[in-house]
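In this note's numbering, each residue carries its 1-based index in the sequence shown increased by 16.
Ideal placement from N, C-alpha and C gives every residue a C-beta, glycine not left out.
Here the structure is a predicted model, which means the values were calculated and not measured.
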Amino acid sequence: MVRPDRPVAPGGVFPARPPSRTGALAALALLAGLTFVTGLAGAPARAEVPEGNAEAGKTRAGACRTCHGIDGFARIPIAPHIGGENAAYISHQLTAFRDGSRSHEIMSVVAAGLDDQAIADLAAWYSGQSITVALPAGVAAEGAPEDCVACHGADGVALIEDAPHLAGENAIYIDTQLKAFRSGKRSHPIMSEIAAGLSDADIRAVAEWYAAIGFKVTAAP
Ligand code: HEC
Ligand code: HEC
Numbered sequence: 017m018v019r020p021d022r023p024v025a026p027g028g029v030f031p032a033r034p035p036s037r038t039g040a041l042a043a044l045a046l047l048a049g050l051t052f053v054t055g056l057a058g059a060p061a062r063a064e065v066p067e068g069n070a071e072a073g074k075t076r077a078g079a080c081r082t083c084h085g086i087d088g089f090a091r092i093p094i095a096p097h098i099g100g101e102n103a104a105y106i107s108h109q110l111t112a113f114r115d116g117s118r119s120h121e122i123m124s125v126v127a128a129g130l131d132d133q134a135i136a137d138l139a140a141w142y143s144g145q146s147i148t149v150a151l152p153a154g155v156a157a158e159g160a161p162e163d164c165v166a167c168h169g170a171d172g173v174a175l176i177e178d179a180p181h182l183a184g185e186n187a188i189y190i191d192t193q194l195k196a197f198r199s200g201k202r203s204h205p206i207m208s209e210i211a212a213g214l215s216d217a218d219i220r221a222v223a224e225w226y227a228a229i230g231f232k233v234t235a236a237p
């Protein structure tokens, strides 16, 4: 049965995060007249994350266009689509490339040149794109990889804020990321454990499922 295209609201389906506790703690520490020691100052204090400006992000996206497009629809097979991805996920990944906790020959260099404001602007711009996904004709959602659907959805649209969409990503990209989680090159408390349990054949199967999903980005004006 052919499923109708599923339009997805910009920025995912979940409401924004509640104000963070880190912010409250930082404010308390300041009130108490405490100086920030290195450890504390080094932690990502979310309260200090600047507000993103989508318009400025669009301009900055000129530096990303050859690989991710201005609209976030990938232009080269090794780069992921980032249009319509959750803002929190985009900023988290850019910050991870910048601080070295995720590394890639291209993106580590790109992210090294981004300050917090640039990251917030780019996240605001790319997360603001509308996406549409569709399972291939004749494919039923029931066939989706059952260990993944809770977070990535049967149609590759993330159901939790911190997870990326997988719909229409290139199979090579999905394969590479799962192997990176499995080998420890990329690490995440949930994904490292899930990937550890996947064989090469499992990885190929899930990559093919998500790569086959139709994915479109409708650029914001
Ligand atoms: C020359 C190509 C290139 C350019 C330019 C580039 N990227 Fe990337 N980007 C990539 C590749 C390749 C990856 C996949 C990295 C990996 O395999 O871990 C990636 C990954 C990402 C990711 C992680 C997405 C995910 O799903 O985990 C984000 C976010 C991102 N890029 C944002 C940007 C932004 C914002 C810019 C511009 C400031 C940019 N990139 C410029 C090639 C590029
Ligand atoms: C409990 C939630 C959860 C489940 C279940 C889950 N994932 Fe994930 N996945 C995540 C989160 C969170 C991330 C983001 C990791 C990070 O921040 O680096 C992620 C990241 C990924 C990525 C990287 C995508 C990108 O754009 O870089 C791939 C590929 C992936 N997951 C595939 C899978 C597959 C395949 C399964 C099933 C075998 C699965 N995941 C199951 C939560 C989950």
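Between the alpha carbons of residue 170 and residue 183 lies a gap of roughly 9 Å. Using a 10 angstroms sphere on the CB of residue 222, the tally of other CB atoms reaches 16 or more, which defines it as buried. The beta carbons of residue 95 and residue 110 sit no closer together than 8 Å. Taken atom to atom, the span from the alpha-carbon of residue 81 to that of residue 165 is near 30 Å.
Proximity of the beta carbon of residue 219 to ligand 1 is not indicated: no heavy atom of the ligand is located closer than 7 Å. Between residue 173 and residue 155, the beta carbon gap of about 15 Å keeps them out of contact (Cβ cut-off 8 Å). Residue 230: member of the beta strand (DSSP E) spanning 230 to 234, first to last residue. In this structure, ligand 1 has no non-hydrogen atom nearer than 7 Å to the beta-carbon of residue 194.
Nearest neighbour of residue 235 by Cα position, chosen from 65, 97, 64 and 67, turns out to be 97.
In terms of side-chain proximity, the C-beta atom of residue 166 is found nearer than 7 Å to a non-hydrogen atom of ligand 2. Apart from sequence neighbours up to five positions away, the residues of its chain that approach residue 138 with a beta-carbon distance below 6 Å are 73 and 76, ordered along the chain. Ranked by how close their Cα comes to the Cα of residue 181, the residues 146, 64 and 91 have 146 in first place. Residue range 103 to 115 is occupied by the alpha helix (DSSP H) that includes residue 107. If you look at residue 91, you'll find it isn't in any alpha helix (DSSP H); DSSP assigns it neither H nor E. Using a cutoff of 7 Å, the CB of residue 123 does not count as near ligand 2, since none of the ligand's heavy atoms is closer than that. Contact between residue 103 and residue 68 holds: CB atoms are separated by about 7 Å, below the 8 Å threshold.
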